[in-house]
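Protein chains in written order, with UniProt numbering: chain A, 1 to 344; chain B, 1 to 344.
Glycine is no exception: its CB is placed at the ideal position from the N, C-alpha and C atoms.
In this text the structure is predicted, and so the values were computed from the model without any measurement.
Comments concern the structure below.
There are 2 protein chains.
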Amino acid sequence: MQLPEPGATSSEEPPAQARGPLMIIGGAEDKLRRRTILNRFVAASGGTEARIALLPTASSLGDEVVEVYDALFRKLGAAEVMPVRPESREDAHDPDLVGIIEKATGIFMTGGNQLKLSAIICGTPLGDAIVAARERGAVVAGTSAGASIQSSHMVAFGTGGATAKQRMTQVAAGLGLVQSAVIDQHFDQRNRYGRLLMIVSQSPQLLGIGVDEDTCAVVTSQGDHEMLTVLGRGAVTIFDPARMATNAYEAKRSSPLLASGVVLHMLPAGAQFDLTTRTLVKPEEQVSDEDAAEVLEAQRDLRHLARDIAAADKSPSALRRRLARTRGPRPAHGPDPQDGAAPE
Amino acid sequence: MQLPEPGATSSEEPPAQARGPLMIIGGAEDKLRRRTILNRFVAASGGTEARIALLPTASSLGDEVVEVYDALFRKLGAAEVMPVRPESREDAHDPDLVGIIEKATGIFMTGGNQLKLSAIICGTPLGDAIVAARERGAVVAGTSAGASIQSSHMVAFGTGGATAKQRMTQVAAGLGLVQSAVIDQHFDQRNRYGRLLMIVSQSPQLLGIGVDEDTCAVVTSQGDHEMLTVLGRGAVTIFDPARMATNAYEAKRSSPLLASGVVLHMLPAGAQFDLTTRTLVKPEEQVSDEDAAEVLEAQRDLRHLARDIAAADKSPSALRRRLARTRGPRPAHGPDPQDGAAPE
């Protein structure tokens, strides 16, 4: 485990700020053109020093999927791409596989069958290592099935449709990187309003998070708040059912559900949402999409820098290169107490 | 115009209560089996004394549509079915056609192209006669296009999809039977969340009302409140954007919209919603679906009875038959001050 040494940074960084970002991708992320999301993932994982653990377990096309992402991540500059492919809970106890997660700076879980993925890794040393990796600052990303598994409660499978109906979907337990939430993906494209609304109707303490294709919810810790920023082509839809009225506890068979008073947030690229207070961050208080990218990179760089200083394993020129990459003194959510970026 | 004589009923009925109900049907209403919605329409229009004006103008299959509904309404007991088929604004000034509307107890507008329907009838004597018919107590019903046209703001056309995107739909002016609202239909089946949300994002003073297929929003006036009750197989979805934050005034091209803080109500059969206060009517305060049917019929019957007494044109046996049909003294929202039905 590569936790940064306490005291390695000049200010007292609360432990939550050492957490790496989550990247929750709604599937079908652009792999050919701008590659906005995948670029962000590699950059946040350390760019040319990224060591990426790639988990294709959800997919039935394991080898091909590994080939595609391996080629992509290397093309985008990653130093190393290491497949981690447990096919049983037994495999997920293998210290070699766990070791790869432990030294990764970025973890990427592919699409496929999230119930297979969760059934194999949740509650195993490998699953625990993913949770720990985020705590020590690694990026945890996943697309489609790899997005679903990140929430505490996971859509196992179900049917599409805009109207919430009893029994239209099933819930299983996910990795819990996002607590008190359920994440759904391909949200617009597969018309999954209804099933996400069904789940939050039955569990009104959960936030429902629906992510469109080629769209990413980036979740970062800022102090004791979890902030969600949207990246990509579509939108992230959030259902907050905290004050809802529902008949989900008594609705029969597959009848449409009553779900009244759900607060809906539809968030396009650049929108920022405070998952802790469940409110939109006003645009004037908000870090722009571009700034957010810089912040992510800067955070990452600063974290590396702190680690490197502690380990004294880098030449001064490497440090200079890194500092140059942060593009000036704006580590908005890093150790610098002058937080928050002014609008440009 | 057949306005009931003032003083014809024993108590002072406020003018709003003389209004007939609206029946806003999301398309594809069941015509073969239980026919819940169509049955309700014929009953509310007076049952065996219903004189139904049928407007197939939205449809490109005018004659066939007339045949189908004519046969259906007669089978369900209507006394008369009178086609009213203006094919131009000129036609919509024809006193003969307007006369049919004026003597109808129920008006039914078919599906098809709502922009054709609105372009032909809105702002003509025929369109005005439909609005006036409701004020004097006639039922105004419409399915699909015939539902859309009932709101003040009408979805003209657009594309499907769950995520709201700029320019995905166009708005035109409707009949305005439901003010400060926009109605969409085939809501679940054609995945119209996005476009309805786009419209309310651009016009946050409007309530967005999405009606599923084989589902009906029955709107009645109760004092100075407009109440919506759901009938049928699907749900009615309501977006209340009053407190939303949005970027719809500046979003470019077809980009996904920000729409944060929209209050969502998904209402299955039996649910009741106060359109005036924009709140769910709690189940314990609510008139059950069955009771609502009786109330509608009883209201109708009482209104007829009052008219008949005033006109003294009925035999005592006809009056007795009618009274029997009201199934006991429960005119919950009629002149009887003992309002509200006890659960059975």
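Here GLY208 (chain A) has VAL182, LEU196, VAL200, PHE239 as same chain residues with Cβ atoms under 6 angstroms from its own Cβ, once five neighbours each way along the sequence are excluded. Put simply, the CB of ASP224 (chain A) is far from chain B, with every gap to its CB atoms at 8 angstroms or more. Here the region 44-63 of chain B makes contact with the region 100-112 of chain B; the two share three or more CB pairs at distances below 8 angstroms. Cβ-Cβ distances below 6 angstroms link ILE121 (chain B) to ALA92, GLY127 in the same chain, with the five nearest sequence neighbours on each side left out; the list follows chain order.
Taking all protein chains shown into account, PRO95 (chain A) has fewer than 16 neighbouring C-beta atoms within 10 Å of its C-beta and is therefore exposed.
Taking 8 angstroms as the CB threshold, SER59 (chain A) stays off the interface with chain B. With contacts defined as CB atoms closer than 8 angstroms, GLY27 (chain B) and SER203 (chain B) fail to qualify as a contacting pair. An exposed status is given to THR48 (chain A), since fewer than 16 other beta-carbon atoms sit within 10 Å of its beta-carbon. Fewer than three pairs of CB atoms, one per stretch, sit closer than 8 angstroms, so the region 128-135 of chain A makes no contact with the region 154-162 of chain A. Contacts with chain A (Cβ-Cβ distance below 9 angstroms) from the region 261-286 of chain B involve GLY261, VAL262, VAL263, LEU264, HIS265, MET266, LEU267, PRO268, ALA269, GLY270, ALA271, PHE273, THR279, LEU280, LYS282, PRO283, listed in chain order. Less than 8 angstroms divides the Cβ of VAL84 (chain B) from the Cβ of LEU97 (chain B). For PRO256 (chain A), the chain B residues whose C-beta falls within less than 7 angstroms of its own C-beta are GLY234, ALA235, PRO268, listed in chain order. At a cut-off of 8 angstroms between C-beta atoms, THR163 (chain B) counts as an interface residue with respect to chain A. Contact annotation for LEU197 (chain A) against chain B: LEU264, MET266 [CB-CB distance below 9 angstroms, chain order].
Taking a cut-off of 8 angstroms on C-beta distances, the region 215-235 of chain B touches the region 267-276 of chain B, as three or more cross pairs fall below it. Rounded to whole angstroms, the gap between the alpha carbons of VAL155 (chain B) and GLY210 (chain A) is 26 angstroms. Flagged as an interface residue toward chain B: ASP188 (chain A), by a C-beta distance shorter than 8 angstroms. In the DSSP annotation of this structure, the continuous segment of the beta strand (DSSP E) that includes ASP274 (chain A) starts and ends at 272-274. Using a Cβ distance threshold of 8 angstroms, MET266 (chain B) and ALA164 (chain A) count as a contacting pair. Taking the Cα of GLN170 (chain A) as reference, the smallest distance to any Cα among A:THR110, A:GLN114, A:GLY270, A:VAL81 is reached at A:GLN114. Within 10 angstroms of the beta-carbon of LEU61 (chain B) lie fewer than 16 other beta-carbons, which makes it exposed.
CA-CA distance, GLU297 (chain A) to GLY46 (chain A), rounds to 8 angstroms. ASP212 (chain B) belongs to the set of residues whose beta carbon lies under 8 angstroms from a beta carbon in chain A. Distances from the alpha-carbon of ASP188 (chain B) to those of B:PRO283, B:ASP214, B:THR279 put B:ASP214 closest. At least 8 angstroms separates the CB of ASN39 (chain A) from every CB of chain B. At a C-beta separation below 7 angstroms, TYR193 (chain A) has these neighbours in chain B: ALA162, TYR193. Taken in chain order, the whole alpha helix (DSSP H) runs of length 4 or more contained in the region 37-99 of chain B are 62-75. Here ASP70 (chain B) has LEU54, VAL81, PRO83 as same chain residues with Cβ atoms under 8 angstroms from its own Cβ, once five neighbours each way along the sequence are excluded. Contact between ALA58 (chain B) and LYS116 (chain B) is confirmed by a C-beta separation of about 6 angstroms, below the 8 angstroms threshold.
Judged by DSSP secondary structure, ILE199 (chain B) falls outside any beta strand (DSSP E) and instead within the alpha helix (DSSP H) spanning 193-202. The three-state reading of DSSP puts ILE101 (chain B) in helix, counting H, G and I together. The beta carbon of ARG253 (chain B) lies closer than 8 angstroms to those of GLN166, ARG167 in the same chain, with the five residues before and after it left out. Per DSSP, GLN114 (chain B) lies in no beta strand (DSSP E) segment; the continuous alpha helix (DSSP H) that holds it begins and ends at 114-121. Residue nearest to GLU135 (chain B) within the set B:GLY20, B:GLY194, B:LEU258 is B:GLY20 (criterion: CA-CA distance). Here the alpha carbons of LEU231 (chain B) and ALA78 (chain B) stand approximately 20 angstroms from one another. Close to chain B, meaning a Cβ-Cβ distance shorter than 7 angstroms, is no residue of the region 106-129 of chain A at all.
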